[in-house]
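Q:
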Amino acid sequence: MNYNWNWGIFWQLAPDASGTYFSTLVSGLWWTLGTALAAWVIALALGSVVGTLRTTPFRWVVRLGNAYVELFRNIPLLVQMFLWYFVLPELLPKVLGDAMKQMAPPWASYWPAVLCLGFYTSARVAEQVRAGIQSLPRGQHMAGTALGLTLPQTYRHVLLPQAFRIILPPLTSEFMNIIKNSAVALTIGLMELTARARSMQEFSFQVFEAFTAATLLYVMVTLVVVYGMRKLERRVQVPGLISAGSSMQIAGH
Amino acid sequence: MFSGFDFDVIERSLPYLFKEGMTFTLTLTAMAMTGGIIFGTLLAMMRLSSYRVLNIPAATYVNLMRSVPLVLVIFWFYFLVPWIGGWAIGAGQPIQVGAFWSSVITFTMFEAAYYAEIMRAGIQSVARGQVSAGYALGLNYWQSMRYVILPQAFRNMLPVLLTQTIILFQDTSLVYVLSITDFLGAAAKIAQRDGRLVEMYLFVALVYFIISFTLSYLVKMLQHRIAIVR
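Chains A and B supply the protein sequences, listed in that same order.
Quick note, in the working numbering, the first sequence goes up one by one and the last residue is 253.
Quick note, in the working numbering, the second sequence goes up one by one and the last residue is 1230.
1. Where do the N-terminal and C-terminal ends of the alpha helix (DSSP H) with Asp1171 of chain B fall, by residue?
2. By how many angstroms is the C-alpha of Leu1158 of chain B removed from the C-alpha of Ala1227 of chain B?
3. Considering only the alpha carbon of each residue, which of A:Ala185, A:Gly51, A:Pro15 lies closest to Leu171 of chain A?
4. Could you have a look at Leu1139 of chain B and say whether DSSP puts it in helix, strand or coil?
5. With distances taken from CA atoms, which of B:Phe1203, B:Leu1206, B:Lys1220, B:Thr1172 is nearest Ala1099 of chain B?
6. Quick check: Gly28 of chain A and Ala183 of chain A, are their CB atoms within less than 8 Å of each other?
7. Apply the 10 Å Cβ neighbour rule to Trp60 of chain A and answer buried if 16 or more other Cβ atoms are within range, or exposed otherwise.
8. Please classify Tyr1141 of chain B: is it buried, with 16 or more other beta-carbons within 10 angstroms of its beta-carbon, or exposed?
9. Can a CB atom of chain B be found closer than 8 Å to the CB of Met248 of chain A?
10. Grouping DSSP H, G and I as helix and E and B as strand, with all else coil, what is Leu77 of chain A?
11. Output needed for Leu1184 of chain B: all residues of its chain with C-beta closer than 6 Å, excluding positions within five of it in sequence on either side, in chain order.
12. Taking only beta carbons into account, state which residues of the region 1194-1213 of chain B come closer than 7 Å to chain D, listed in chain order.
13. If you compare alpha carbons, which of B:Glu1111, B:Gly1134, B:Glu1117, B:Met1221 is closest to Ile1167 of chain B?
14. Give the residues of chain A in contact with Ser1216 of chain B, contact being defined as C-beta atoms less than 9 Å apart.
15. What is the rounded straight-line gap between the Cα of Met100 of chain A and the Cα of Leu88 of chain A?
16. Does Phe86 of chain A come within less than 8 Å of chain B when only Cβ atoms are used?
17. In terms of residue numbering, what span does the alpha helix (DSSP H) encompassing Ala1205 of chain B cover?
18. Quick check on DSSP: helix, strand or coil for Thr55 of chain A?
19. Would you call the region 33-44 of chain A and the region 106-124 of chain A touching, i.e. three or more CB-CB distances under 8 Å?
20. Is it buried or exposed for Pro1069 of chain B, if we count other Cβ within 10 angstroms and need 16 for buried?
21. So, are the CB atoms of Leu78 of chain A and Thr150 of chain A less than 8 Å apart?
22. Is it true that the region 63-73 of chain A meets the region 1190-1202 of chain B, where meeting means three or more beta-carbon pairs spaced less than 8 Å apart?
23. Can you tell me which of the three DSSP states Thr172 of chain A falls into?
24. Am I right that Ala1186 of chain B and Glu1020 of chain B are in contact with their C-beta atoms under 8 Å? What's the rounded C-beta distance?
25. Assign Glu227 of chain A to buried or exposed, taking buried as 16 or more other Cβ atoms, counted over all protein chains shown, within 10 Å of its Cβ.
26. Give the range of the alpha helix (DSSP H) segment to which Val226 of chain A is assigned.
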């Protein structure tokens, strides 16, 4: 076949004059990680709260929590991305909406992407947290009450510390998902890793070199995250418990 | 808030949205599901094989697919399939592959990795005695798979397979990055033509929500019905 391989392309200057193609890819990787980490903070915080609320004895709170999860789970991520980027500024009061639209270039797509990924993943984290809490023996809750702890105290000192240690493996895969899903943000103009590979392909016509490099970078990130989380899992493992989380969810991304 | 809304634009574009867009989305979902489950089951069988020449490539493929974003995979196959096609028929140059077949191949290959993990769990959930019983009856590997193990594995994993298919249905919206007219693509085209982004994207979100929510509710019902009491 007559494809012209040119692996030296990475050391040539990119047309945006910011450096070599290699350095634009690497800075794309930082944007990917920066987006994913900021979104993960939101996802973990919101997801833990919603997931916990869904196990409380208050029926209306549980229903609201369920509605929240269903809302974010049943709309494709790309559509949600468009809602945050195109639709939200129009529905907000004019001053706020204009402020959102007039942010300086990378931030105008960065913040909607972070919020979108954060909320989207928070629904999935909430599902894991709920499953984690419900997988604990009922006696744990009762023992907390019997000791005279209030409901918040029972959650804080008895249920949540165990639940989080159990759901660490599925949370790892949610963290991986948020890194991969951040690629969807290229549709609203965020120059993360996949977008950089795509633009490198458009400028240099070296399709397969560009995508190979991006693939390798993603695989590297995966390996680092999986290795790091394995170590963490082993450290916080509850002695005598088989990792209950591992079998919880197979479907997904 | 909704005072400036133009609901008429939705009504006018309904035939286009559903006839062109939704038909594409549903056909793509159905074909990728069929292909993905078949290829995924083969991958799962390879991964569980005791031959290293089979299980190492299968494991590598599955792990690779699961560690890169779908958007990147879509780009990969969009450019790769014409070259592979050209090589396969000995044309000496890349052949033209339409947007539809390119996306069918992409989603089949990508989702196969996810279906493979589900089927692997399904096969492993079948009691070991079943395999031994199959062999004791004189069945060979393919026969025991066909008549004993896979039927049970499918039944155990049916809800998960269907849930994954709902995710696939949502994921097909990503063909937007290739400017294909799927349901979202059709809506985006009209939204940009008429300057009605708010109405169109909210409508798209609503339609996706209704379909996915209904399907996942049905899966939940099915799960209750087919649960095996042990």
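Beta carbons: idealized from backbone N, C-alpha and C, even for Gly.
A: Let me lay it out:
1. Unbroken alpha helix (DSSP H) run through Asp1171 of chain B: 1150-1171.
2. C-alpha of Ala1227 of chain B to C-alpha of Leu1158 of chain B: approximately 10 Å in a straight line.
3. Considering only alpha carbons, the answer is A:Gly51.
4. Coil, per DSSP.
5. Measuring C-alpha to C-alpha distances from Ala1099 of chain B to each of B:Phe1203, B:Leu1206, B:Lys1220, B:Thr1172 identifies B:Thr1172 as the nearest.
6. Taking the C-beta atoms as reference points, Ala183 of chain A is found no nearer than 8 Å to Gly28 of chain A.
7. Flag for Trp60 of chain A reads exposed.
8. So Tyr1141 of chain B counts as exposed.
9. Bear in mind that a pLDDT of 42 at Met248 of chain A, under 50, signals an unreliable position, so the model cannot answer this.
10. Annotated three-state conformation of Leu77 of chain A is helix, per DSSP.
11. Only residues of its own chain outside the window of five on either side were considered, and among them Ser1173, Tyr1176, Val1204 have a CB closer than 6 Å to the CB of Leu1184 of chain B, listed in chain order.
12. Considering every chain present, this structure includes no chain D. Its protein chains are A and B.
13. Considering only alpha carbons, the answer is B:Glu1111.
14. Neighbours of Ser1216 of chain B across chain A, judged by C-beta separation under 9 Å: Glu70, Arg73, Asn74.
15. Linking Met100 of chain A to Leu88 of chain A through their CA atoms gives a straight-line distance of about 9 Å.
16. At least one C-beta of chain B is nearer than 8 Å to the C-beta of Phe86 of chain A.
17. DSSP places Ala1205 of chain B in the uninterrupted alpha helix (DSSP H) bounded by 1197-1226.
18. Secondary structure of Thr55 of chain A (DSSP, three-state): coil.
19. Below 8 Å, enough C-beta pairs join the region 33-44 of chain A and the region 106-124 of chain A to call them touching: three or more.
20. Buried, since its Cβ has 16 or more Cβ neighbours within 10 Å.
21. For Leu78 of chain A and Thr150 of chain A, no; Cβs fall outside 8 Å.
22. Segments in contact, no.
23. Looking at Thr172 of chain A - three-state DSSP - the assignment turns out to be helix.
24. 5 Å between Cβ atoms; contact.
25. Reading off the sequence shown, one finds Tyr at residue 227 of chain A, where the question assumed Glu. With fewer than 16 Cβ atoms within 10 Å of its Cβ, Tyr227 of chain A is classed as exposed.
26. For Val226 of chain A, the enclosing alpha helix (DSSP H) begins and ends at 207-236.
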